[in-house]
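Numbering (numbering that gives the first Met the number 0), first residue to last: 0 to 850.
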Amino acid sequence: MASQSDVLQTCLQEAAHAARSALPLCMDAAVAVLQDAELKSMKVAERDELALAWRILQDSKAAWSARYAAELLTAFGQSVEAAVVEVRTQHLPKSDPESGHIPARSAGRLLGTETFSLVEDADVTQAIESSRLLQQILPRVEQTLAELDSLISSAQGLANVRPELNPLRPEIFARVLQDIMAGSHSDAATLALWIKHLAGPLAQEIQKIYGRVIHLLELAHVQAAHYRVLQTPAGKAGQGTASGKAGEDAQKGDGSSGSGWKQPSQYADLSNYEIRDELFQEFLFHGGSHAQQGLAPSYYATVEKELSSLRAAPDSAAAELHDAGPAEEERSYKALAAVDRPARHVDVSSPLSPKVWGSYGRSRERAIVRTQLKKEATQVGQVLGLEVVRKLVNQVAQDPRLLVPVREAIVALEPSLLRLAMVDPRFFSDERHAGRRLMERVAQRSFKYNDEYSAEFAGFFGALTRAFNELNALAIGDARPFATVLARLEQAWDEQDQAEFASRHKVLKALHFAEERQERADQIAFDMSSRSDLDNVPGVVLDFLFGPWSLAMAHARLTDQRNQIDPEGFGSVVPDLLWSVKRDVTLKRPARLIDMIPGLLEKLHTGLDMLGQAPQENEKFFESLMKLHRPVLKLRRLKSRRDAEESGAVALEPEELPATPEQRRAKAAGQPWLGRDELDAAGFEDTLPTAPGELEAMGEEAAVPAPVEAGRDSAPASLSAHWPAAAGDSTTGTAGVSSQEAEAILMRLRTGQWVDLYSKHNWLRAQLIWASTKATLFMFLSHGGQPHSMTRRSCEKLIMQRWLRPVDAHAVVGQALDAVTAKASARAKKKTPSRPDFEPSSAPQDEFETA
């Protein structure tokens, strides 16, 4: 067995590794809140402040997460070293006046408090720096932290719990993050925004990290403080019966137990085998004041009768029929579009495929397990816990948002969940409990898929069935098997996601660059609009300067590695260009213009090429520029000033008239400009030349599916006729939605949300991973990291035609539990109980004790 030191090091490495993937999730959550606040803000300065805060967060995810993990590991190690010194000090001998030996701790006291004051001052300063973040984290992790403190103290070899020596205490997580943030940006307002919006998500992630570490310590058989590490065989746990668990707890002699059971003092008569709504409701909401009461013999007689009846009943062939099913009906169902398939009914009594789930595919076998466990129950709380699990599984199985195989998997897992309820009857009420988290994480992960017949889903479901069948084959004595299975699934999912992360990061980096380039270009255009030499400049020239050339200048500044004042000299082109289009001055100095034109054109083309614009995208501008220069070019053969003055009578063509007051005002672009490569990488298909203002039309053209020939890759009939509401769809109606509703639906979308998207004659499940600052561009990612980007108008049009459907992915288990409690409350209100919630048996006490 691993030593205490090895176990502790494993925990520290696991915590640092988990923090690396947790921090980007926290930052995504903070970005979403900041973006929402920016959209709602009515103050320009406040919007700018919010935009700056979330943009830095978004750009820093990769760098911060790597630094966070590395610096956390260092901080953990330093804390462990300090704890080792403390432990050694505890074991030093006391001072011996005769020998003159003075232990180190006593020597420190004799030297005075100055040495320790220096350390304490540093600690205080450090605490002050992270106090705001820490104050928001501590209350949310307090309960789990207490459990972790006791286990970590034991792993460190401490006799008593010493929270201040825990290397994983929250202040270390907060301090390291605070240091990273402070080193990345010094603006106090931005730091305050980060702390405010990162605290909540960070607390949740730290809570999860603590859960994983606690699980590791439990697997290593680390007892709470003042216990030593025990070499207990992993399989020593009982068969999940209450009696076995109670026996183990009694042997401990300290009153502690995993299930918390005590010897019953009264016995409940549940022989009618109906759990009354009031009793059930009290157990759900308050834990049940009678949960630890025993069960009367009449209850066991009733259960035994039911068990005998189940075993004697002939086995139904429904499970085998389920596996084959009517072939024609299955083919018709499969032929439907994934989002148009009707939700098939599944509940706890549904037959499942025996090829997939073995004997537990038969509802009769699952019922036998449930009834056998009721027979083994010794207390009311266990019976109620079994009933809650049954109702909870039944509720999740009927959730139409989940694919049918996922709902069937939850039903197949019922035997293991029931065994868990025997030793932990109220595990469902704890969101952090491994049993509940396993169900929730499987459900949430399944939202990645919308087609149960796809190869991608088959891979996910194969791993899931193996994990659930493994659980069903185990004797459940506590939550550890669930935590182990969940950790293994999470690891496999993380490995799959890493493949998509690289391509996602590359695309997002390009989009963030384009957005920052556009912001700088807008500022450059605004600065140019205040120049004093814009008089009599044609509007076509100002449009070019405020549009493509501002983008070229911004691009040069962002890619400049030498910190130049005017990278590539693009800024110096502006006064030359403005001078060259003023007829009244150029005709007086034709030679200067003639000498200037070749270099001017070369510089303009160089800037546009660097930006990534094709020549034809600015063809209109260069044609207009040639016309503006033509009067001077005609003067090559004219030698007298008089001829030059006479030639000045040549009139400008209408399109080269001086700019209007409206054209003189630079305006911020509605959306970032994207080059061809950026458009392709971001998933804008069938791209067209992207002169300013054309991206939106192009986006619509690319995003909206073109008409499809009937009989060949045909879209579902419902695309052109009736549109039934999709499972989990947040829209209503059958003929699309209005433009106002579409706009509202789009504005409710948040980063990380799933949608069903019709693309290339297929319905894809995609996730929103990016939206521009002004919510004018959106990018979704479907399976395999395939990007799909479109403009706001394109998104709204797709929503209106119901070719883009938001998916409701709210907590599955929590929602099911709410439904169970709501039903219990509703039933309790409809009737008045004819007898108390709990009725003690009138039989003599010793009779039941003997039984």
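Virtual Cβ for every residue (Gly too), placed ideally from N, Cα, C.
Using the Cα positions of LEU11 and ARG174, report the straight-line distance between them to the nearest angstrom.
-> 16 Å
For PHE426, three-class secondary structure by DSSP | helix
Report yes or no: do the segment 404-424 and the segment 466-478 share at least 3 C-beta pairs separated by less than 8 Å?
-> yes
Distance, ALA665 Cα to ALA524 Cα | 6 Å
Would you report the Cα separation of ALA29 and PRO200, rounded to the nearest angstrom?
-> 8 Å
What first and last residue would you give for the beta strand (DSSP E) that runs through PRO166?
-> Boundaries cannot be given for PRO166, as no beta strand (DSSP E) includes it and DSSP labels it neither H nor E.
Hey, is the segment 515-533 in contact with the segment 780-791, meaning 3+ C-beta pairs nearer than 8 Å?
-> No, the segment 515-533 is not in contact with the segment 780-791.
Going straight from the alpha carbon of ALA551 to that of PHE683, what length do you get?
-> 22 Å
Alpha-carbon spacing of VAL79 relative to MET438, whole angstroms | 36 Å
For LEU33 and SER41, the rounded distance between their alpha carbons = Checking the sequence, you will find Met at residue 41 rather than Ser. Roughly 14 Å separates the two Cα atoms.
Helix, strand or coil for ARG369 per DSSP?
-> Here ARG369 carries a helix assignment [DSSP, helix/strand/coil].
Beta-carbon proximity check, ILE136 vs ALA17, cutoff 8 Å | No; because the gap between Cβ atoms is not below 8 Å, this pair is not in contact.
Which whole-angstrom value is the C-beta distance of HIS555 and PHE481, which I expect to be below 8 Å?
-> In the sequence on display, residue 555 carries Ala and not His. Going by Cβ atoms, the distance from ALA555 to PHE481 rounds to 57 Å, so no, they are not a contact pair.
Helix, strand or coil: how does DSSP classify GLN203 here?
-> helix
Hey, GLN378 and LEU463 are a contact pair by Cβ (cut 8 Å); roughly how many whole angstroms apart?
-> Not quite, the Cβ-Cβ distance comes to about 33 Å (not below 8 Å), so this is no contact.
GLN134 - partner residues in DSSP beta bridges = In the DSSP output, where bridge partners are listed per residue, GLN134 has none listed.
Tell whether a beta-carbon distance below 8 Å holds between LEU401 and ALA442.
-> At a Cβ-Cβ threshold of 8 Å, LEU401 and ALA442 count as neighbours.
From ASP807 to GLN752, what does the alpha carbon distance come to, in whole angstroms?
-> 8 Å
Taking only the alpha-carbon atoms, compute the straight-line gap between MET180 and TYR67 and give it to the nearest angstrom.
-> 10 Å
Where does GLN142 sit, in a helix, a strand or coil, going by DSSP?
-> helix
ALA396 versus GLU514: straight-line alpha-carbon distance, rounded = 44 Å
If you check the beta carbons only, do ALA36 and ARG139 fall under 8 Å apart?
-> No, the Cβ-Cβ distance between ALA36 and ARG139 is not below 8 Å.
Report the three-state DSSP secondary structure of THR775 (helix, strand or coil).
-> coil
Which value, in whole angstroms, describes the spacing of the CA atoms of ILE596 and ALA668?
-> 30 Å
Identify the residues that DSSP records as bridge partners of ARG663: which are they?
-> Bridge partners of ARG663: none, in fact.
Could you give the C-beta distance for GLY568 and LYS602, rounded to a whole number, given that I count them as a contact under 8 Å?
-> 7 Å
Span separating the alpha-carbon of GLU305 from that of SER824 = 28 Å
Specify the secondary structure class of SER358 as computed by DSSP and reduced to three states.
-> helix
When you compare each of ARG406, ARG418, ARG363 to LEU383 by their alpha carbons, which one comes out closest?
-> ARG418
Test item: CB-CB of ARG6 and LEU157 under 8 Å | It is worth fixing the name first, because residue 6 is Val in this sequence and not Arg. No, they are not a contact pair.
For ASN761, which of GLY76, LEU335, LYS447, VAL212 has the nearest alpha-carbon?
-> LEU335
Let me know the secondary structure DSSP gives ARG764 once reduced to three states.
-> strand
In the structure shown, what three-state DSSP assignment does HIS787 receive?
-> strand
Please determine if the segment 796-804 and the segment 363-382 are in contact, where contact requires at least 3 C-beta pairs separated by less than 8 Å.
-> no
What are the start and end residues of the alpha helix (DSSP H) that includes LEU863?
-> This structure cannot settle anything about residue 863, because the visible part of the chain is limited to 0 through 850.
How big is the Cα-Cα spacing for ALA741 and TYR757?
-> Their Cα atoms are separated by approximately 16 Å.
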